[in-house]
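For the sequence shown, my numbering puts the final residue at 268, and the numbers step up evenly by one. Where is the CB? At the ideal position from N, CA and C, for every residue including glycine. To keep things clear, I will list the structure first and then write my remarks on it.
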Amino acid sequence: MIKKIVSNVYKLVLSSNIYFLDLNKKIIIDTGDRKDRGDVKLWLSKLVDFERVDVVIFTHLHYDHTGNADLFSNAEFYASKKAVEDLEKVGVGAVLNKQITTILRKIEIKPLPKKLSVLRVIETPGHTAGSVCLLYEKEKVLFSGDTVFDNNILGRVDLPTSKPEKMSESLMNLVSYDFKHLCPGHDCEAKPVPKFIKKAGLEKKFGY
Ligand SMILES: [Zn+2]
């Protein structure tokens, strides 16, 4: 399913979301999980001819965000310098999937500058050491990868390249930016509060 976020910015809602910015450069943010490849081809091709994508940016290199990178044969690929280093040094631990690690190692992934086209790059180590968020300042759209999701849900910090000790600092930095639209890597349902917790007034204690 395709959702329009603001003019020329689209979200392809799958198990891992893909974003498309149809600006003077055609930009894809994250390429989704390979298991969704059929849907990626079906839906994304309604928005853009894959050969015409100029830039692919990865918020981080986990397999469910990079799984269809090889659909974009003419694009330049970017991820943070740290993410690229971890792909080399840590390998599968940085991607969490052997097949996708092999695919990514064959692609030239360039280190992200501080600003790329309309997007400001904000380094947010935590979920992975090399995680970034991307801010489209003019439209106040934040692409947050797996750092933060809707409903105040945060990304996991217990994975091989996670930096749990950096997460709170990254979040504090992130909230200092002005954004109106949160575009996370996955859509999360709000956790329903179990009745007995509600009844006892213990929502806060249990993190709801
Ligand atoms: Zn991830």
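- In this structure, H122 has its CB closer than 6 Å to one or more heavy atoms of ligand 1.
- Shown here, P224 sits in a helix according to DSSP, grouped into three states.
- Taking K85 as the centre and dropping the five residues before and after it, the same chain places the C-beta of D114, V115 and S177 closer than 8 Å to its C-beta, in chain order.
- Beta-bridge pairing by DSSP links A139 to P171.
- A direct Cα-Cα distance of roughly 28 Å separates P171 from S67.
- If you look at L102, you'll find it in the alpha helix (DSSP H) that goes R97 to L104.
- Taking a cut-off of 8 Å for Cβ pairs, the segment 119 to 131 and the segment 87 to 95 touch, as three or more such pairs fall below it.
- Apart from the 5 residues on each side of it in sequence, E197 sits with its Cβ closer than 7 Å to the Cβ of R180 in its chain, given in chain order.
- Cβ-Cβ separation between S230 and P173: approximately 19 Å, too far for a contact (criterion under 8 Å).
- With contact defined as three or more Cβ pairs closer than 8 Å, the segment 242 to 249 and the segment 221 to 230 are not in contact.
- Under the 10 Å beta carbon count, K142 is surrounded by 16 or more other beta carbons and is classified as buried.
- For L83, the three-state secondary structure derived from DSSP is coil.
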